[in-house]
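Chains as they are written, first to last, in our numbering: chain X, 1 to 240; chain E, 241 to 480; chain V, 481 to 720; chain Y, 721 to 960.
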């Protein structure tokens, strides 16, 4: 059974009644709940726990990590970021949600600013499936429609995704690469755009389906870590 | 249980005793045998069967098709090629092996000549894993070594693969993109280089592992076929 | 000076007064005109000319071919399609415009159905630049806005583009991969979405800029054609 | 005229007579020399200059930066690395040579370890062209052969390149992705493998051709920087 850790900054939920009303158990609680039903071994971790709940012991047993953060990216300790990054390079799957695009973790894995346009105007988002062959969209229709979401618009300053799975249309006139896969080292990464804290996006069954599919897709591939450094020749090198 | 059809031209085996000795049950028989052990529902089809064994009835029940052909590519009927191509675009997985690079099927799905360099000189091939995050390489080491294989060398005239998983080193001085994935429509395609008919390549446990992994990877994604053609507006279009 | 041939089906212009009014010199005439100002050596060719104006002599001297077709794709002779395809594989640049997505030429180079959603409703299109590093977008702003265009919507059944340069937003609620590059053999291909025959799209200065930039980008790379077929070893192969 | 800065660590040249003999004017001097003949406006910068010769003033006027470093990566100041990275994201081209794979600059732009296998055994390298459509290989043949080079072998821990242009064969049995392009922000990056300090690799005319072509390819695309942050709606958003 895949071991999943849902990490959440968990600050909006404590300081903003509007968010607490939408997510009384925290965004992490809601996500953990539907993932648990999908037969994963799920636990949660949050910013205010010691080491943000992401000790070596926890990470070494984690197959797939889910990341939601927003207003406290700067409070995440650099050594924890580095530790998580190493685990991703060593094979742990990573699913970065919504405002996690600006987390230290995502930015250091991408190498770019990860900046974008944004607007909070309770507008309609329609997430079109661009790649119907991808396992992450199994069980969906042609698009996911969300009546109210924050807008994220291009240009999204990321490296070219390995796979572009979904593109969003926004009522206010923008488009966005909303479902993107990346590989870094032995690890698989999926960025999924929706999930503003004041909307009930993570209760949407299709959004849940995408995240559930993504966990399966991001399962670590089992093979030894490649050997790096000085290497003996495998074939005879001619004397000259 | 995934339904797999192993298609083989099955001509060398009939006319060449050297090949028959290596593959007494045919290349298709050997491949079907190890795939059956991997808990797939496996059957075979060959060129000389009516409609090459690839009727609509067979194809509609096939999840993943494996293709081996060489000296009789031109005998494969155009209507069967078209039928198989449509099934791939509709989601059936396809694994093209070795000399299948020059099949009508592969060429029409790629849009290029699929030409390459080749040499039969019983030389060493070392297939390096370039993408250790890919599920197709699960359970392997850093490379697969084959003491005797036919050489295929660059330039290999294919479109840029969606993913480059393996690259071969050849004793005679060439390199080759040996493990390549492509998406076409809803279907996933994997091209895997090794498997010349006079060498026991398909008895190699690591080669078997790659093909087995590839079958799992190529499983059709279940979602409705996208709707094409004239489409009503989803949003109000302003009068001008 | 780059030699450019603008190929146009040129049928709407002859049978539809509305189109003739917009493009009195034909779509090819308008495109040839602004490309000529950009200091290319430009000529035109149309469906009704012998061999559709695309003889070996013409093609062998063409650096970049531009293709517009719509209602008469089926009238383009297979041998001309094959001839043009070979020239692309041999290095000639190809720019496919708008409804050219359904041409025999584009479909055979892509290997997919190239199908899509469409709607003629005089709606707004906003073409967002997704890749601001690409030479094809030099001199543009963040997007191109077209007040009236035909809608093309996802899913667009093409292989993953080598580069995704632009994505369109449509008033009616769809998105579309509007600027895509592909490589096939030694040739570079650019698909550019806008250009319905009843709108003055090819008079838009930004659309002209994209096509002009694309011609420069698609310039053939000068190096010998790779050698295919049986190849002598470059290194000594050990006796066994 | 494109402005090119050739940056070199320039330490081997000072401490190792063997290297000084090969590159009496420093690796940067040799590269600057052949690039100057190619009609670029070329200057050099080295580690021991104030701010490593890479002040804002210098960088703001640089179109393409070339980077060679090896034994003193750790001496490059973090603020200079950050400054150069920002210029790349803002459009400056970057060509990273050989052991520059392990520079802070390349690692932070890639987001991975950039680790690899290596061996100094004066062995033969044959760099095969995988993408004959790419402008970086203009004027070459099918491969570049170097009698003596350091070996770099897979797995090379980089993100999937945007384009894979060349793959190396090594006498000792390894392969390597030797010519890779990446886009980061508005900037284009080319990694080119050969160039160990004890071999006269940068005098090789084909190696020089690749670097010269790469400078042209990496020319910044001229368009305004995308606007990020809070954005007003371009279309009316319905009240609910």
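Beta carbons are placed, not taken as given, at the ideal position from N, Cα and C, and that holds for glycine.
Here the structure is a predicted model, which means the values were calculated and not measured.
Nearest residue (CA-CA) to residue i, options the options
| i | options | result |
| --- | --- | --- |
| residue 516 of chain V | V:718, V:705, V:692 | V:692 |
| residue 354 of chain E | E:317, E:413, E:287, E:431 | E:431 |
| residue 947 of chain Y | Y:800, Y:862, Y:810 | Y:810 |
| residue 867 of chain Y | Y:956, Y:818, Y:793, Y:920 | Y:920 |
| residue 156 of chain X | X:203, X:183, X:98 | X:98 |
| residue 7 of chain X | X:188, X:38, X:21, X:81 | X:81 |
| residue 319 of chain E | E:307, E:296, E:409, E:278 | E:296 |
| residue 574 of chain V | V:519, V:505, V:629, V:666 | V:666 |
| residue 398 of chain E | E:360, E:352, E:414, E:442 | E:352 |
| residue 630 of chain V | V:501, V:609, V:598 | V:598 |
| residue 132 of chain X | E:332, E:294, E:420 | E:332 |
| residue 154 of chain X | V:633, V:557, V:661, V:623 | V:623 |
| residue 298 of chain E | E:471, E:323, E:274, E:317 | E:323 |
| residue 415 of chain E | V:711, V:506, V:496, V:521 | V:711 |
| residue 941 of chain Y | Y:897, Y:783, Y:850, Y:949 | Y:783 |
| residue 699 of chain V | V:501, V:545, V:513, V:646 | V:545 |
| residue 970 of chain Y | X:238, X:121, X:177 | In the structure as shown, chain Y starts at 721 and stops at 960, and residue 970 of chain Y therefore has no counterpart that could be examined. |
| residue 926 of chain Y | Y:889, Y:958, Y:861, Y:943 | Y:861 |
Supposed contact pair residue j and residue i - C-beta distance, whole angstroms, cut 8 Å
| i | j | result |
| --- | --- | --- |
| residue 194 of chain X | residue 127 of chain X | 7 Å |
| residue 225 of chain X | residue 880 of chain Y | Contact doesn't hold; Cβ gap of about 19 Å is too wide. |
Limits of the alpha helix (DSSP H) - the one that residue i falls within
| i | result |
| --- | --- |
| residue 812 of chain Y | First-last for residue 812 of chain Y: undefined, no H or E at that position. |
| residue 144 of chain X | Where residue 144 of chain X is concerned, there is no enclosing alpha helix (DSSP H), although the beta strand (DSSP E) it sits in stretches over 143-153. |
| residue 99 of chain X | Run containing residue 99 of chain X: none; DSSP gives neither H nor E here. |
| residue 932 of chain Y | 925-937 |
| residue 752 of chain Y | 746-757 |
| residue 761 of chain Y | Per DSSP, residue 761 of chain Y belongs to no alpha helix (DSSP H); it is in the beta strand (DSSP E), 761-766. |
| residue 56 of chain X | 56-60 |
| residue 255 of chain E | 252-255 |
Opposing strand residues paired with residue i [DSSP bridges]
| i | result |
| --- | --- |
| residue 909 of chain Y | Y:814, Y:902 |
| residue 357 of chain E | E:393, V:709 |
| residue 410 of chain E | E:365 |
| residue 883 of chain Y | Y:901 |
| residue 656 of chain V | V:648 |
Chain-order list of residues whose beta-carbon lies under 6 Å from that of residue i (same chain, five-residue window excluded)
| i | result |
| --- | --- |
| residue 283 of chain E | 245 |
| residue 69 of chain X | 9, 100, 103 |
| residue 703 of chain Y | Examination of residue 703 of chain Y is not possible in this model, given that chain Y is present from 721 through 960 alone. |
| residue 30 of chain X | 23, 202 |
| residue 460 of chain V | The first residue shown for chain V is 481 and the last is 720, placing residue 460 of chain V beyond what the model contains. |
| residue 953 of chain Y | none |
| residue 882 of chain Y | 901, 902, 903 |
| residue 709 of chain V | none |
| residue 272 of chain E | 246, 282, 284 |
| residue 632 of chain V | 596, 598, 656, 673 |
Proximal residues to residue i (C-beta, below 8 Å), its chain only, five neighbours per side dropped
| i | result |
| --- | --- |
| residue 696 of chain V | 482, 615 |
| residue 739 of chain Y | 732, 733, 917, 918 |
| residue 772 of chain Y | 727, 765, 766, 796, 797, 800 |
| residue 41 of chain X | 1, 2, 3, 4 |
Enclosing beta strand (DSSP E) for residue i [first to last residue]
| i | result |
| --- | --- |
| residue 721 of chain Y | It is not in any beta strand (DSSP E) - residue 721 of chain Y carries neither H nor E in the DSSP assignment. |
| residue 546 of chain V | 544-548 |
Cutoff 7 Å; reference residue i; Cβ partners in own chain excluding five residues on either side
| i | result |
| --- | --- |
| residue 411 of chain E | 363, 364 |
| residue 313 of chain E | 342, 343, 344 |
| residue 109 of chain X | 85, 88, 184, 189 |
| residue 795 of chain Y | 767 |
| residue 139 of chain X | 209 |
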